[in-house]
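*Asks:*
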Amino acid sequence: MRANQRSHSLLRVHDRMDEPVCPICLEPERMIPARLFIDDRPAVCAECRKRFKPHKRSYAVDGVVFHVLYEYEEWIETLFFQYKEQRDVELRDVFLEGEASALRKKLRPFQCVAVCSSEAKRAERGFEPVLDIFSSLNLPLESPFYRVGGQKQSTLSASARRSIQMALRRKRHYPLPPAKKRILLDDVLTTGSTIQAALTLLPCEAVLVVAAHPLWIQTHRHERIKSRFWK
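No gaps in the numbering here: position 206 of the sequence shown is 250 in our numbering, and each next residue is one more.
#1: Pick from P247, V174 and R213: whose alpha carbon is nearest that of A223?
#2: From the DSSP output, which residues share a beta bridge with A255?
#3: Just to confirm the assignment, what range does the alpha helix (DSSP H) spanning R148 have?
#4: Express the C-alpha separation of D230 and E163 in angstroms, rounding to a whole number.
#5: Going by DSSP in three states, V192 sits in which element: helix, strand or coil?
#6: Cβ of H257 within 8 angstroms of Cβ of L233?
#7: Are there three or more Cβ pairs, one per stretch, closer than 8 angstroms when the stretch 170-188 is compared with the stretch 112-121?
#8: Is it buried or exposed, P98, if we count other Cβ atoms within 10 angstroms and call 16 or more buried?
#9: Tell me which residues share the same chain as L113 and place their Cβ nearer than 6 angstroms to its Cβ, disregarding the 5 neighbours each side in the sequence.
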């Protein structure tokens, strides 16, 4: 898990403060495209960018369109662990880096609704991962859900994952404005149980996830559709 990088990345110390560095590997990035200064956020270096595995495909599942940006493999799993479990908040922008401008235009017609962590996880981390990741789009984000229990899906049995909707609730007094179109936002799609639970509580026309597990992609390969979302 690149322990050496982990130990110093959390400190975020860099002697040459006037020189931009990659927020992932912390190496100086001297060749930065001009577009990356538009939003004034750190740029992912070319070498780290190559390690992401873009998917950019859409699926129609039970009447809802799922848009998937990346395939969830070892590289992005490591980044999510560092970001969420090691609380390396400087990584929040890397997941949408290079995609924010296009996604902002695509999501503008929607009411954007985010999936949440448990209260225990939020208190432990000090931030809400999905909200922080999509905050780079500078769009209104709604958070109408809360979760009871904080166990990770990866530690649960298949039957426990299927019953995860028991752990998700909709906030009773959350002032959610009416909307013609809603899109549900999440960071990682594994079995889809959490997203299905959220859709049961609040119907949405579409779902956008940063990364989907290869097993989910394989299971739903026959439901892949042509979509202008990624064009």
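Quick reminder that beta carbons are idealized off the backbone N, C-alpha and C, glycines included.
*Replies:* Quick answer:
#1: Taking the sequence shown and counting its residues from 1, the one referred to as residue 223 is at position 179. By alpha-carbon distance to A223, the top candidate from P247, V174 and R213 is P247.
#2: Along the sequence shown, read from residue 1 onward, the residue named residue 255 stands at position 211. Looking at the DSSP output, A255 sits in a beta bridge with Y114 and V232.
#3: Working through the sequence shown from its first residue, we reach residue 148 at position 104. A144 to L151 is the extent of the alpha helix (DSSP H) around R148.
#4: Sequence index remark: in the sequence shown, residue 163 carries index 119 (1-based). Sequence index remark: in the sequence shown, residue 230 carries index 186 (1-based). When the Cα atoms are used, E163 and D230 turn out to be separated by approximately 17 angstroms.
#5: If you number the sequence shown from 1, residue 192 lands on position 148. Note: V192 maps to coil in three-state DSSP.
#6: What you label residue 257 is simply residue 213 of the sequence shown in a count that begins at 1. What you label residue 233 is simply residue 189 of the sequence shown in a count that begins at 1. Yes, the pair counts as a contact, with Cβ atoms nearer than the cut-off.
#7: Inter-segment contact for the stretch 170-188 and the stretch 112-121 is absent: fewer than three beta-carbon pairs are separated by less than 8 angstroms.
#8: Numbered from 1 along the sequence shown, position 54 holds the residue referred to as residue 98. Answer is exposed; the Cβ neighbour count stays below 16.
#9: Taking the sequence shown and counting its residues from 1, one reaches residue 113 at position 69. Counting only Cβ-Cβ distances below 6 angstroms, and skipping sequence neighbours, we find V254.
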